[in-house]
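Participant: Dropping a structure here in structure tokens format, bear with me for questions.
In my numbering, the protein residues as written are 37 to 164.
Okay, here's the thing in structure tokens:
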């Protein structure tokens, strides 16, 4: 650092004094008390409640979102790569259809967890 201004506007050239000034600056910046008045809160226009966001996504919406994923990309925050989601989509659709149907006596079907379909892998070893 070549020079830092003090709180009064003077140039500080001593390195240790500059570091003290930066510490002072950030201390002031992050320990400042914020006061929010009721008038300020009252002046904010409320947004309408969007109840349609409470509805879970449909199978069609999920299918469209998964189909639009690009393979070969990093996994999302859930850690699941796009390839796994795309591979499991047909099984998820079938599981959803099973859950929507009922037994012949009208009682709901037992709900189970969907299983990912395993890809067939070659048993021959490749040398690299």
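C-beta: ideal position from N, C-alpha, C; glycine also.
Does the stretch 60-67 touch the stretch 76-87, meaning 3 or more C-beta pairs lie closer than 8 Å?
Facilitator: No contact exists between the stretch 76-87 and the stretch 60-67.
Participant: Go ahead and label residue 89 buried or exposed: buried means 16 or more other beta carbons lie within 10 angstroms of its beta carbon, across all protein chains shown.
Facilitator: It counts as exposed.
Participant: Within 10 angstroms of its Cβ, does residue 121 collect 16 or more other Cβ (buried), or is it exposed?
Facilitator: Buried: at least 16 other Cβ atoms inside 10 Å.
Participant: So if DSSP puts residue 48 in a beta bridge, which residue, or which two residues, is it bridged to?
Facilitator: The partner list for residue 48 (beta bridge, DSSP) reads 40.
Participant: Using three-state DSSP, classify residue 86 as helix, strand or coil.
Facilitator: Here residue 86 sits in coil by DSSP.
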